[in-house]
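Residue numbers (our numbering): -7 to 41.
Built from N, CA and C at the ideal position, the CB exists for glycine as well.
Here it is in structure tokens:
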């Protein structure tokens, strides 16, 4: 299986949603990590030039 960001985003969102339901105090940390990962994934093609 190849690494595909289109498949990764829903998986990360699902895991984050489950963790938020289980441990609401982690909301800030989960959202911050998610945003950082999406930002890196969006910039990655431009960083390789």
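- If you look at residue 16, you'll find it isn't in any alpha helix (DSSP H); DSSP assigns it neither H nor E.
- Assignment of residue 40 by DSSP, reduced to helix, strand and coil, places it in the coil class.
- Put simply, the backbone Cα of residue 24 is about 24 Å away from that of residue 40.
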